[in-house]
Amino acid sequence: MSTDSTSASINPLDKVRRRPAALTPVLRYGLNHLAPPLVILAGLLLLWELLCSGSNAALPPPSQVLSDTWELIADPFYNNGGNDVGMAWQILASLERVAYGYCLAVVAGVSLGVLVGQSTWAMRGLDPIFQVLRTVPPLAWLPISLAGFQDSNPSAIFVIFITSIWPIIINTSVGVRNIPEDYRNVARVLRLNGAEYFVRIMLPAAAPYIFSGLRIGVGLSWLAIVAAEMLIGGVGIGFFIWDAWNASLISDIVLALIYVGLVGFVLDRIVAVFGQWISRGTSAA
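Written out as structure tokens, the structure reads:
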């Protein structure tokens, strides 16, 4: 009898009133993290539309960009042969070159960074050379790579490699040099060999620094490939932009720039998330 009376005393409206409380964290996250960039983006698009809607405007407004490039947006995987392919294939071709060059830079950069961080002699001998070479602009390497490889594709990969390797080397060496001496003493007590010391001590301790360099490196890789592809030709987002410029297709260029920014953002987030997982959320600071 008491159970029935208790059940009867529960107002069905109470359950309805509890639902907004359950949605509060979601709404709070949306207001704090999603609403600000969306509002600013809407404001920028409105300002762009107003500034470029006149008859004398040099650039197309967002509405015209959308209408001019709708076929590229709706069918990103078309393939008519040669360089006449969809945006998805252009981006994938660029990402393939970036993957090769960046992975080579990661292996070589981390290895050289560990060497420079561990050896004072290596640091004194190699650091001045690194500091000079890292100031060379990416496209300045392209004629040398074309002369050496006699092919555009490996030349572009080399440009990515030589552009992205420097922040990886520098940040890795700084992280290795900043490993606490207590960690090194523990390794001596445990008599860890080189491979065990790298996996158990060095990599976890220097991971925040290493992944800071990797994030900078992946951004530079994406910048370098877009610039290099404008000169080497072939399928790729950089060549697509240059080809669109030659054809006076400004709306296509704007769309490509949007895709370039989005892909660069995704690449940075992937490396950042992987770095947080490896370093367990610790900071280089």
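Mapping to the UniProt record's numbering: the sequence shown position 188 is 188, numbers consecutive.
Positions of the beta carbon are idealized from the N, C-alpha and C atoms, including for glycine.
Treat the numbers as computed from the prediction; the structure is a model and nothing was measured.
The segment 186–203 makes no contact with the segment 134–148, as fewer than three CB pairs between them are under 8 Å. In this structure, Ala256 keeps its C-beta atom at 8 Å or more from the C-beta atom of Phe239. Assignment of Val235 by DSSP, reduced to helix, strand and coil, places it in the coil class.
Listed as beta-bridge partners of Asn79 by DSSP are Val85. Of all alpha-carbon atoms in Ala272, Val26, Thr24, Ser111, the one lying nearest the alpha-carbon of Pro208 is that of Ala272.
The segment 247–267 makes no contact with the segment 105–119: fewer than 3 CB pairs, one atom from each, lie closer than 8 Å. Trp222 places its beta carbon less than 8 Å from that of Leu267.
Relative to Phe265, the option among Gly117, Asp84, Glu49, Leu220 whose CA is nearest is Leu220.
If only complete runs of 4 or more residues are kept, the segment 173–202 shows the alpha helix (DSSP H) at 181–190, 194–197, in order along the chain. Per DSSP, Gly264 is one residue of the alpha helix (DSSP H) stretching across 250–279.
Less than 8 Å separates the beta-carbon of Gly217 from that of Tyr102. Going by C-alpha positions, Ser63 is about 41 Å away from Ile168. Met202 is not a Cβ neighbour of Ile232, given a cutoff of 8 Å.
Ranked by Cα distance from Ile278, the options Phe211, Ala224, Trp245 are led by Phe211. In this structure, Ser152 places its C-beta atom within 8 Å of the C-beta atom of Gly234. Inclusion of Val226 and Val254 in the CB contact set at 8 Å is not warranted, their separation being larger than that value.
Beta-carbon to beta-carbon, Trp89 and Asn79 are separated by about 6 Å, close enough to satisfy the 8 Å threshold.
When only Cα atoms are considered, Ala93 and Arg184 end up about 44 Å apart.
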